[in-house]
Amino acid sequence: MNRKIVFGIIACGAVLAALPWIGVSAFYESFLYLLFHWVILAVSWNILSGYTGYFSFGHGAFFGAGIYGTAYLAGTLGWPFLATLPAAVLLAAALGLAIGAIVFRVARVRGELFALLTLAVTFVLATVILNTPIDGGPGIYLIGVDIPALGPSQASSIYMLGLITATVALLVSYWVYASKFGTGLFAIHDDEDVAEVMGVPTYRYKLYALAISCGLAGLAGGIHSVFVSYVTVSEVFSITVPLSVVLMSILGGSRHWIGPAVGAVVITCLLYYFTSGDSAVLGRAMVGLILVVVILFMPAGILGLVSGWRHVRRNRAAAKAVAEAPRKEHPPAAPVVRLKKAITGEPLLQVRGLSKSFTGVHALSDVTLDVRKGEILGLIGPNGSGKSTFINVVSGHYKPTRGEIIFEGRNLAGQDAHRFAQAGIARTYQIPRPFSHMTVLENVAMVGMFGGEGKSRAEATRDAQAFIEFAGLAHRAHALPDDLNLHQRKFLELARALAARPKLLLLDEVLSGLTPSEINEAIEMVQRIRDRGTTIVFVEHVMRAVMALTDRIVVLNHGVLIAQGNAADVMNEEDVRAAYLGKAHA
Amino acid sequence: MTLPSLSLLSQSILSGVFIGGMYSLIGLGLGLSWGLLRQINLAHFGFVFLSAYLSYHMATVWGLDPLLTLVLLPPLFFAIGVAMQWLLSRFLISPFNSLLVTFGFTVMIESLIQYVWTADFRRLQSGYGEEKFVLGPLYIPVPELLTLVLAVLFAFAIWAAMRFTDLGKAMRAMAEDGPIAAAFGINQRALSLILSGTCVALASIAGICFALTFTLTPTQIFSWVGVVFAVVMLGGLGSALGPLVAGVIVGVSEAVAMAVFAPSWAPLVSFSLLILMLLFRPGKV
Amino acid sequence: MLEVRNLHVAYGAAPALWDLSIRVGTGELVCVVGPNGAGKTTLINTLAGLQRASSGSIIFEGRDITRLAPHKFCQAGIAIVPESRRLFTSMTVLENLELGSFLPEAKARRRETLEQVCELFPAVRQKLAMPAGSLSGGQQQMVAIGRALMARPRLLLLDEPSLGLAPSIVMDMFDAIRRINAEGLSVLLVEQNVSMAMELATRAYVLEEGRIVMEGPARDLMQRPEIRKAYLGLD
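Chains as they are written, first to last, in the numbering used here: chain P, 31 to 616; chain G, 115 to 399; chain E, 35 to 269.
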């Protein structure tokens, strides 16, 4: 975390706090309050939706929970205003948690379905409030509610409340952005399944993010109720709030901690500029047009555009630095400990009776095998024989239909994938699945934070540098995965898996799609990884690599284990040749 | 809670069926473009209102028969739909971003309506508006009946076209696996232009019915979004008959909730249905 | 009839095929074998218009079709049976077959071709009204081949027709391919099941890591030690 930014936020807040005392007019106080209001709402929305990609259209519901929390407690029941604010926060956060606890369990509710579901929640909440004594129809007046004097006048007190909350919201937004927690959220955004497999407790993280997001929206609502001093269901739960925050965040840049605040300021000013006077209608049309243009031409938003430029510059600089550095034949490999002879009979992983079916298709049937400490076990078989399913089940990505996965004596079957990663199992994907919005360095560091024992962000970033060098990607450390060629992406997969410092590494066709010389390079690298003491399960079709690398091989066919043992012996077995070349030739 | 009389209950069920017809007529084009083009076209609602205002204008200011607008407006809106699809397909837009872009269009349409017709209430004055049949104890207003008839007609027409014509089959194939459909000679680009045009033309038909039935005001655009989305998702994306069935179910359950409890409880029905549906049958969406 | 010259194909920055040249003569059954990931599917997809070539040319019946729009390849006379079948699973078998004959020329002879397909695969006739997704793997493969035949192509591209099928059904499938070819249709077959494919083919190419490494009459190739090495890793 950058201290300068934290101080910067607080300093800005302090400067703005002086305004009411130097005689700014009530009109500007109100206008600035509205700015703060939208900043809080947009920034809070972004903590869940921008960071994780779970776009919510239900922000109005959480904002409304806060507004009605305060309105009912202060306006109807006569609580002191300040006491209602924590209640508003808790109410909104509890509502969010209750919804999230159900919705995040249903894996299919992502993307537009999540957006619609949260929108529907808003309407349900509105109907309930409208028809119960909370509101009952006529709305609630807060005229008589006393606001603690934080400034020279009533308007400036509300201004101060808005300012304090906006500062807090920005601090929270930055803290999440710069923390390990935030890294986990960004990983969820790019590829939730991979994030879970790399060790991010996705369910819990999404809930936390939602709770923070809702709590801040509730606070904004609580304060806003005294600003408007008369709340009605149709105003509070209109579609304006959710759509405005989406627009503001996207315009500003939803992957940035301050992006939504920038968007909120721009839009609020634009709306004010256009809608004051005769051109109100034109103003709304302009907002619509801006939205269309932004989505079509700069989907990453204002700050996304800016950080895109900065990123290109850094990338060039890094590539240049490496190009100018004296060339070394071999990259300085991470400390090599020769452990080649350390293969003991002791099993690291015991798979017992493992089966996996997909709607009636048996991808794996009753597979039992041991992976011994320190060995490279080749896992081979024709297309569709169940190799990838095996990797997916043993990395926790799929839950097995039956059977046990005993890793270091502990049965992991049925647990969430992040537990597998934390236990010390890492994997690569046949088709590389890097987090597409993170640089190479961030991709690797992220795994160090969440895989295995889990390091701090700073430590993981330092480590990541070494693994990137090991994989020969030092000159691309600040590149985005999309800018890498397939060969580099494959090595990024490797570097990422290694960053978890796994006890067991599952390699899924790391060589497919590489040229012969690249394959040689990769074989050498796998050897070096094993020499450092990592046990490897190696799925591969390139047979010369299988022959060169493996201590033992296991052959699958139609999901059944048909042979295991020394590679040359196994490949001469009748069944194996039949499986590979067809019956006629065997 | 007091139980309403039998005749009141049957009258409200009937009006539920009618409003269900409106829901499904609006939802038909929306669901087709969502299911087959993977676009969530919020502007659909904008087009419904634009068409409603245009038919109001033609009928009230120019003195045309509202039924004549049923012939004039759909071709115009077809062209708009084609143009919109042309724009969106140039940018390879994701379903989610299509939602945001078309929201932008909707805001622009809303402003246009406000600019031309102001925010005042407008009512299409025609001979049809006030006409009613009396059937025993029940009143059957003509515009609502027309809406229902058109909703049923178009739902079945689209259903038949999807089922029995090569073009319709090609559209379903394109939605399922575009590249393979192309490998068998199906021109995806042309087909999506036609489909988008059709959906927007359907929006204009819904709009004309809307103008015959309801009083118009531009801010109303967004109040229909929620419930029609619920109907479309309940009915199944890309389905022609689904929205009709779902529309009537939602319409009737709302009407009964209104009659038994209070009118303001009605939204609870459709949105609770939608939430349950999203949670427990997500595979169908 | 098909002549592929110096074809390069890449996914983004990642090349998948390098400088590949192959030829299929009229009435020939040519087979491309090679281990997984060698680029076989990329080759088939490029020839069917599903994937764009980055350079090189595809000449079909004397006409350069490299830059045609994807939906024009079928019109040119090429039909594909894609890897893992890719039927329109929510539609009926009959609808799948009808879509094969979407283009006017094929549509004119739809009835006749449908009858031929049903004769070739009698099992399909009973399933015409069923949703394609409800069929077994073997039946789906028959429908996929049937769908391609409905287009009345002059070149049939087959991508791993034996994938995921039980051995006895694989035999039937190859038998059907043999009959299709015997009626004069040129076939380009991509297979993992080398020995079956080689028995069927007149000529074969071996594709490894994106390049053609060997070509020749199928029976000769099967005897070559390189095949055993590529597939089994045995010297």
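By construction, the Cβ of each residue, glycine as well, lies at the ideal position given by its N, Cα and C atoms.
Query raised in the report: Is the CB of residue 256 of chain P under 9 angstroms away from at least one CB in chain G?
Result: Not one beta carbon of chain G lies nearer than 9 angstroms to the beta carbon of residue 256 of chain P.
Report task. Evaluate residue 632 of chain P with the Cβ neighbour count: other Cβ atoms within 10 Å of its Cβ, from every protein chain shown; 16 or more gives buried, anything less gives exposed. Result -> Summary: the structure shown does not reach residue 632 of chain P, with chain P confined to residues 31 through 616, and so no result is reported for it.
Requested in this report: Examine chain E for any beta-carbon lying closer than 9 angstroms to the beta-carbon of residue 258 of chain G, and answer yes or no.
Outcome: Chain E, which has no Cβ nearer than 9 angstroms to the Cβ of residue 258 of chain G, makes this no.
Query raised in the report: Does any CB atom of chain G fall closer than 9 angstroms to the CB of residue 44 of chain E?
Result: Closer than 9 angstroms: no.
**Report entry** Partners in chain P for residue 174 of chain E, counting only beta-carbon separations shorter than 9 angstroms
**Finding:** Neighbours of residue 174 of chain E on chain P: none; closest Cβ ~13 angstroms, over 9 angstroms.
Report task. With 7 angstroms as the limit, tell me which residues of the stretch 222 to 250 of chain E have their beta carbon closer than that to any beta carbon of chain P; keep them in chain order. Result -> Residues of the stretch 222 to 250 of chain E with a Cβ closer than 7 angstroms to any Cβ of chain P, in chain order: 226, 227, 228, 229, 230, 233, 243.
Report task. Find the nearest neighbour of residue 364 of chain G within the set G/128, G/120, G/150, G/295, judged by alpha-carbon distance. Result -> Nearest option by C-alpha distance: G/128.
Report task. Return helix, strand or coil for residue 365 of chain P, following the three-state DSSP convention. Result -> At residue 365 of chain P, the pLDDT of 39 sits below 50, so the modelled position is not reliable; the number obtained from the coordinates is stated separately. Note: residue 365 of chain P maps to coil in three-state DSSP.
Query - According to DSSP, residues forming a beta bridge with residue 165 of chain E - result: Paired residues: E/126.
**Report entry** Unbroken beta strand (DSSP E) run spanning residue 592 of chain P, endpoints
**Finding:** Start and end: 590 to 595.
Requested in this report: Report the residues of the stretch 399 to 417 of chain P with a CB closer than 8 angstroms to any CB of chain E, ordered along the chain.
Outcome: For the stretch 399 to 417 of chain P, the set of positions with a beta-carbon nearer than 8 angstroms to some beta-carbon of chain E reads 412, 413, 414 in chain order.
Query - Uninterrupted beta strand (DSSP E) stretches inside the stretch 533 to 612 of chain P (no shorter than 3 residues) - result: Considered as a whole, the stretch 533 to 612 of chain P harbours 534 to 538, 565 to 569, 582 to 587, 590 to 595 as its complete beta strand (DSSP E) runs of no fewer than 3 residues, in chain order.
Query raised in the report: Using a beta-carbon distance cut-off of less than 9 angstroms, what residues from the stretch 109 to 132 of chain E approach chain G?
Result: Residues 109, 112, 113, 114, 116, 120, 121, 122, 123, 124, 125, 129, 130, 132.
Query - Per-residue contacts from residue 154 of chain P into chain G (C-beta, under 8 angstroms) - result: Chain G residues near residue 154 of chain P: 381, 382, 385, 386, 389.
Requested in this report: Verify the CB distance criterion: does residue 104 of chain E have a CB-CB separation below 9 angstroms to chain G?
Outcome: Taking a beta-carbon distance threshold of 9 angstroms, residue 104 of chain E counts as an interface residue toward chain G.
Query raised in the report: Does the beta-carbon of residue 546 of chain P have 16 or more other beta-carbons within 10 angstroms, so that it is buried, or is it exposed?
Result: It is exposed - the Cβ of residue 546 of chain P has fewer than 16 other Cβ atoms within 10 Å.
Query raised in the report: In this structure, does DSSP put residue 40 of chain E in helix, strand or coil?
Result: The answer is strand: DSSP assigns residue 40 of chain E an E or B state.
Report task. Check each candidate in P/193, P/439, P/421, P/217 and name the one with the smallest Cα separation from residue 80 of chain P. Result -> That would be P/217, whose Cα lies nearest to the Cα of residue 80 of chain P.
Query raised in the report: If you follow the beta strand (DSSP E) that residue 92 of chain E is part of, which residue opens it and which one closes it?
Result: For residue 92 of chain E, the enclosing beta strand (DSSP E) stretches over residues 89 to 94.
Requested in this report: Can you check DSSP and say which residues form a bridge with residue 441 of chain P?
Outcome: Looking at the DSSP assignment, residue 441 of chain P forms a beta bridge with P/436.
Query raised in the report: How about residue 220 of chain G: is its C-beta nearer than 9 angstroms to some C-beta of chain P?
Result: Yes, its Cβ sits closer than 9 angstroms to a Cβ of chain P.
Requested in this report: Check residue 190 of chain E in the structure and name its three-state DSSP category.
Outcome: DSSP places residue 190 of chain E in the strand class (E or B) of the three-state scheme.
Query - Given 8 angstroms, three or more beta-carbon pairs between the stretch 174 to 184 of chain E and the stretch 121 to 135 of chain E - result: Per the Cβ contact rule, the stretch 174 to 184 of chain E is in contact with the stretch 121 to 135 of chain E (3 or more Cβ pairs under 8 angstroms).
Query raised in the report: According to DSSP, is residue 253 of chain P helix, strand or coil?
Result: Residue state, collapsed to three classes: helix.
Query raised in the report: What residues in the stretch 560 to 588 of chain P have a beta carbon less than 8 angstroms from any beta carbon of chain E?
Result: From the stretch 560 to 588 of chain P, only 571, 572, 573, 574, 576, 577 have a Cβ closer than 8 angstroms to chain E.
Query - Contact set between residue 211 of chain G and chain C, taken where Cβ atoms lie within less than 7 angstroms - result: Chain labels in this structure do not include chain C; the protein chains are P, G and E.
Query - Neighbour list for residue 357 of chain G in chain E, Cβ cutoff strictly below 9 angstroms - result: Simply none; closest approach about 18 angstroms.
Requested in this report: Report the neighbours of residue 69 of chain E on chain P: residues whose CB is nearer than 8 angstroms to its CB, in chain order.
Outcome: Here the neighbours are 571, 572, 573.
Query raised in the report: For residue 236 of chain P, which of helix, strand or coil comes out of DSSP?
Result: The answer is helix: DSSP assigns residue 236 of chain P an H, G or I state.
Requested in this report: State yes or no: is the beta carbon of residue 198 of chain E nearer than 9 angstroms to at least one beta carbon in chain P?
Outcome: Yes, contact with chain P.
Query raised in the report: Using the beta-carbon of each residue, which ones in chain G are nearer than 9 angstroms to residue 318 of chain P?
Result: Those are 217, 218, 219, 220, 221, 222, 223, 224, 225, listed as they occur along chain G.
**Report entry** Where residue 157 of chain P falls: helix, strand or coil (DSSP)
**Finding:** Residue state for residue 157 of chain P is assigned as helix, using DSSP reduced to three classes.
Query raised in the report: Which full runs of the beta strand (DSSP E) of 3+ residues lie inside the stretch 50 to 76 of chain E, going along the chain?
Result: Segments of the beta strand (DSSP E) lying fully in the stretch 50 to 76 of chain E: 63 to 67.
**Report entry** Sequence-distant residues of its chain with Cβ nearer than 8 angstroms to residue 99 of chain P (five each side left out)
**Finding:** Beyond the five residues adjoining it in sequence on each side, residue 99 of chain P comes within less than 8 angstroms, by CB distance, of 114, 117, 118, 121, 122, 248, 251, 252 in the same chain, given in chain order.
Query raised in the report: Hey, how far is the Cα of residue 252 of chain E from the Cα of residue 385 of chain P?
Result: C-alpha of residue 252 of chain E to C-alpha of residue 385 of chain P: approximately 39 angstroms in a straight line.
Query raised in the report: Which residue or residues does DSSP assign as beta-bridge partners of residue 386 of chain P?
Result: Residue pairing by DSSP places residue 386 of chain P opposite P/394 in a beta bridge.
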